[in-house]
Amino acid sequence: NQETGQPVGSAEDYVRDGLMFGQLSGGQKHLIYVLRCFASRPDVMLCDELLGGLDAFRQPRVLHMLRRLKNEANMAVLYISCELNQLRLVADSFAFLESGRKHLIYV
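In case it helps, my numbering puts the sequence shown at residues 1 to 107.
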């Protein structure tokens, strides 16, 4: 966040204090991995089912962070998902396959 100088928040914002990594749930560990990727600010990010394993509360927060980071860092994101509503939240354009045919949509 802006106050701490960290662009996407810290793990402490999303998991309980005082727990060691091994004590976290699978979803919490997944979130830590996602936040570490965001913090590295790569030029290109491949997100394959990024929200898998995250609870419904954290999913929109992670998508919002990804969208903000994508825009602020001018980062290219290849986002792979079966959930079209997720794609609409982060994509400038997207392609999907239907009966072996590719369709490209610009948002």
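Here a beta-carbon is modelled for each residue, glycine too, at the ideal position from N, C-alpha and C.
From residue 20 to residue 104, what distance separates their C-alpha atoms? 44 Å
Would you call the region 46-57 and the region 29-36 touching, i.e. three or more CB-CB distances under 8 Å? yes
Give me the Cα-Cα distance between residue 134 and residue 98, rounded to the nearest whole angstrom. The structure shown does not extend to residue 134, since the chain is modelled only from 1 to 107, so the question has no answer here.
According to DSSP, is residue 39 helix, strand or coil? Of the three classes helix, strand and coil, the one that applies to residue 39 here is helix, per DSSP.
On a CA-only basis, which of 36, 106, 26, 81 is nearest residue 69? Give me that one, please. 36
With a Cβ-Cβ cutoff of 9 Å, do residue 89 and residue 61 count as a contact? Contact flag unset, no.
Could you give the DSSP three-state label for residue 83: helix, strand or coil? coil
Check this for me: beta carbons of residue 84 and residue 96, under 9 Å apart or not? yes
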